[in-house]
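A short write-up of the structure that comes next.
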Amino acid sequence: MYHPRLKGNAYEAGKHYAEILYKNGFQFSKVTEEKLKGFKREIRY
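Just so it is clear: in the sequence shown, position 8 is 7 by numbering that gives the first Met the number 0, and no numbers are missing.
Here it is, written out as structure tokens:
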């Protein structure tokens, strides 16, 4: 199992990890409008 060494603020760490994933061909599943609508209902301001 790979444990990345993340440095910097949250943005830099996330960007670095995303670059590692992209370089190795990882793809996230598509987010549909239905999933977004369900997610918006769960968030209460």
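Yeah, the Cβ is synthetic: ideal placement off N, Cα and C, and Gly gets one too.
Practice item. Give me the Cβ distance between LEU5 and TYR16, rounded to the nearest whole Å; I'm assuming they're in contact under 8 Å. Key: As a first step, residue 5 must be located in the sequence shown, where it is residue number 6. As a first step, residue 16 must be located in the sequence shown, where it is residue number 17. Indeed, because the Cβ distance is near 6 Å, the residues count as touching under 8 Å.
Point to revise | In chain order, each alpha helix (DSSP H) run of at least 4 residues that lies wholly inside the segment 6-34 | key: 9-22
Point to revise | Inter-residue Cα distance where the pair is LEU35 and SER28 | key: Locating residue 35 in the sequence shown gives position 36, counting from the first residue. Locating residue 28 in the sequence shown gives position 29, counting from the first residue. Those two C-alpha atoms are separated by around 13 Å.
Practice item. Going by CA-CA distance only, name the one from GLU11, GLY13, ILE19 and ASN8 that's closest to TYR1. Key: Taking the sequence shown and counting its residues from 1, one reaches residue 1 at position 2. For the residues GLU11, GLY13, ILE19 and ASN8, the minimum Cα distance to TYR1 belongs to ILE19.
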